[in-house]
Amino acid sequence: DPAALVQMLFSLGEMVTATESVNDETFELLGDELNYVVQVVSPEDEDRELLESFDLEFGSDVGDEGDLVARPPVVTVMGHVDHGKTKLLDALRQANVVAKEAGGITQHIGAYQVATEVDGDERRITFIDTPGHEAFTAMRARGAQATDIAVLVVAADDGVMPQTVEALNHAKAAGVPIVVAVNKIDVEAADPQKVRGQLSEYGLVPEEYGGDTMFVDVSAKAELNLDGLLEAIVLTADASLDLRANPDQDAQGLVVEAHLDRGRGPVATVLVQRGTLRVGDSIVAGPAYGRVRAMLDEYGENIEAADPSRPAMVLGLTAVPGAGQNFIVVDDDRMARQIAEKRESRERAAMQAKRRVRRTLEDFMASMEKGKSQELNLILKGDVSGSVEALEDSLAKIDVGDEVNLRVIDRGVGAITETNVDLAAASDAIIIGFNVRPQGKATEMADKEGVEIRYYSVIYQAIEEIEAALKGMLKPEY
Ligand code: GDP
């Protein structure tokens, strides 16, 4: 029972409470003590084993070299806010509709393909239609890598900014080659050379200076040199990547985005990574499964098949999978259902385990007492902006010394939303609601995720409690 385990850990020199998570080593230590062999398995390992038990393997091509065919690069656009990522994605989409009759209006399905001519050949490029490194990183966190090349957008009138650096670090960490789009060259204050100089300091040295990064000056707004950018992407892919896949096998790939459509049920945009996905295939996507009833391309038109690097919107799943989860074609519906059900029950178990680890102000005090926590993250929501500001100002005035850090990671006016809870769960934060209530499923979700929401209607009361938590438990000074 938990109390006995806590006591045993205590005798092993580990101070934990019954509701606390422990690391792998502690588990192994505990196992040794109790004569159990502890095997630490990651969710990825577990899923690999699950697929193996059905004779399936995700992530590698079937067949030999001769079966592999060139596939288009998949590109994510990243960069600092307001540097023109969205505008660039829109401009590329409008200017380069894949050989279709005029009038083909693209729809947002999460990814799209464009065609361009390089050295007389038609070449295609797939763009992930969600800019920013958050989506990119969320996918990577699930062990998925959809992106082959990152386009780093830098506004020529603004230069390198914090998120530019963040984005390039994310791309580097993923080992993804970068093409720099120096945007807004139509603006008078534009200084594209300065951008080159700045990025050189971060190891992105332009080709023209003897480095190996292609810089392309563009204007998303004036639609200048977009072809030049597409060409640079193709050339970078040819120079540093071997993008090939076997189109003649059961399809596999990733979910780019998914939602529940009122009329059509669950719809998921998938990116085929290998094989060819066909209408009628039995598939399993994360914990969702089904038979592909229909597929739509980025023009909203029905397609029968999607080959490697092709995005397609899939209809026919039984549930909505998560972005970044993988999909795989299996023998039949029965197999799809069995795999999906196993994943579903595992996800539920993981969720339950997580629910028991509550992030509360009391927990924070307890872990601070043991010298484990030095940072309290808060999300502030209030009925009017004045009260949120007042709350934040007062919090800033709490003198907590150097040992503890109070951080307001987000603030806003209005009800507490699921997005607030999401952020709180991801960053171990506590939500402070001032004269506001939760909205929709926010309470339910907070409960599930173990996020504490504290409600106040008097500012000084909120301040007092937080101050007590921070001060009362400061580490004793020697
Ligand atoms: P994001 O936050 O990086 O997605 O940036 P947006 O695409 O939303 O663009 C931010 C602002 O810059 C918008 O007002 C755009 O119209 C503007 N913008 C984007 N590209 C250009 C460009 O090439 N030239 C000029 N002058 N404005 C641009």
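Each number in full-length UniProt numbering comes from the position in the sequence shown (counting from 1) with 395 added on.
Beta carbons: idealized from backbone N, C-alpha and C, even for Gly.
Since the model is a prediction, treat every value here as computed from it, not as a measurement.
Distance between beta carbons of residue j and residue i, contact taken as under 8 Å
| i | j | result |
| --- | --- | --- |
| valine 799 | leucine 756 | At roughly 13 Å, the Cβ-Cβ gap does not stay under 8 Å, so valine 799 and leucine 756 are not in contact. |
| residue 379 | arginine 705 | It is not possible to answer for residue 379, since the shown part of the chain is limited to 396 through 873. |
| residue 947 | valine 575 | The chain is shown only over 396 to 873; residue 947 falls outside these bounds and no answer can be derived. |
| tyrosine 597 | leucine 563 | 6 Å |
| phenylalanine 718 | alanine 653 | Just to set this straight, residue 718 is alanine in the shown sequence, not phenylalanine. Going by Cβ atoms, the distance from alanine 718 to alanine 653 rounds to 7 Å, so yes, they are a contact pair. |
| valine 689 | leucine 710 | Note that residue 689 corresponds to alanine in the displayed sequence, not to valine. Indeed they touch by this definition, with Cβ atoms about 5 Å apart. |
| phenylalanine 449 | valine 725 | 7 Å |
| phenylalanine 453 | glutamine 593 | About 40 Å; that fails the 8 Å criterion. |
| threonine 713 | alanine 683 | 6 Å |
| aspartate 524 | leucine 483 | About 11 Å separates the two Cβ atoms, so there is no contact after all. |
| threonine 421 | leucine 404 | 7 Å |
| valine 590 | proline 526 | Not really, about 18 Å apart at Cβ, beyond 8 Å. |
| glutamate 626 | valine 513 | 5 Å |
| alanine 569 | asparagine 721 | Their Cβ separation, rounded to whole angstroms, is 17 Å, which puts alanine 569 and asparagine 721 out of contact at 8 Å. |
| alanine 545 | valine 571 | 5 Å |
| leucine 771 | isoleucine 854 | Going by Cβ atoms, the distance from leucine 771 to isoleucine 854 rounds to 18 Å, so no, they are not a contact pair. |
For residue i, the three-state DSSP class (helix, strand or coil)
| i | result |
| --- | --- |
| histidine 478 | coil |
| glutamate 652 | strand |
| valine 679 | strand |
| leucine 404 | helix |
| glutamine 856 | helix |
| tyrosine 604 | helix |
| lysine 737 | helix |
| residue 876 | One cannot answer for residue 876 here, as it falls past the ends of the chain, which runs 396 to 873. |
| leucine 487 | helix |
| alanine 689 | strand |
| aspartate 645 | strand |
| methionine 609 | coil |
| alanine 700 | strand |
| valine 629 | helix |
| arginine 743 | helix |
| glutamine 593 | helix |
| methionine 410 | coil |
| residue 961 | Outside the displayed range of the chain (396 to 873) lies residue 961, so it cannot be described from this structure. |
| alanine 497 | In this predicted model, alanine 497 has a pLDDT of only 47, less than 50, meaning its place in the structure is not dependable; the value taken from the coordinates is given anyway. Reduced to three states, the DSSP call for alanine 497 is coil. |
| serine 416 | coil |
| glutamate 618 | coil |
| valine 783 | helix |
| glycine 660 | strand |
| leucine 451 | coil |
| proline 438 | helix |
| alanine 399 | helix |
| arginine 732 | helix |
| glycine 461 | helix |
| arginine 443 | helix |
| alanine 634 | helix |
| leucine 599 | coil |
| glycine 623 | helix |
| glycine 717 | coil |
| glutamate 777 | The sequence given here places glycine at residue 777; glutamate does not occur at that position. Reduced to three states, the DSSP call for glycine 777 is strand. |
| glutamate 872 | In this prediction, glutamate 872 has a pLDDT of 38, which is less than 50 and means its spatial position is unreliable; what the coordinates show is noted afterwards. Residue state, collapsed to three classes: coil. |
Ligand 2 heavy atom lying under 8 Å from the CB of residue i
| i | result |
| --- | --- |
| serine 614 | Ligand 2 is not part of the structure shown, which contains ligand 1 as its ligands. |
Inset, instruction - Note down, one range per segment and in chain order, each beta strand (DSSP E) of at least 3 residues found wholly within the region 509 to 590. - result: 516 to 523, 544 to 550, 573 to 578
Inset, instruction - Specify whether the region 428 to 440 and the region 502 to 511 touch according to this definition: at least 3 beta carbon pairs, one from each stretch, less than 8 Å apart. - result: no
Inset, instruction - State whether the region 772 to 788 contacts the region 809 to 820, with contact taken as three or more CB pairs (one from each stretch) at a distance under 8 Å. - result: yes
Legend entry - the region 672 to 682 contacting the region 545 to 557, beta-carbon criterion three pairs below 8 Å: no
Inset, instruction - Only counting runs of 4 or more residues, tell me where the alpha helix (DSSP H) segments fall wholly within the region 786 to 860, in order along the chain. - result: 813 to 821, 837 to 844
Inset, instruction - Count the C-beta pairs between the region 466 to 481 and the region 565 to 579 that are closer than 8 Å, then say yes if the count reaches three, no if not. - result: yes
Legend entry - the region 454 to 468 contacting the region 636 to 648, beta-carbon criterion three pairs below 8 Å: yes
Inset, instruction - Say whether the region 820 to 832 touches the region 780 to 794, bearing in mind that this needs 3 or more beta-carbon pairs closer than 8 Å, one atom from each stretch. - result: yes
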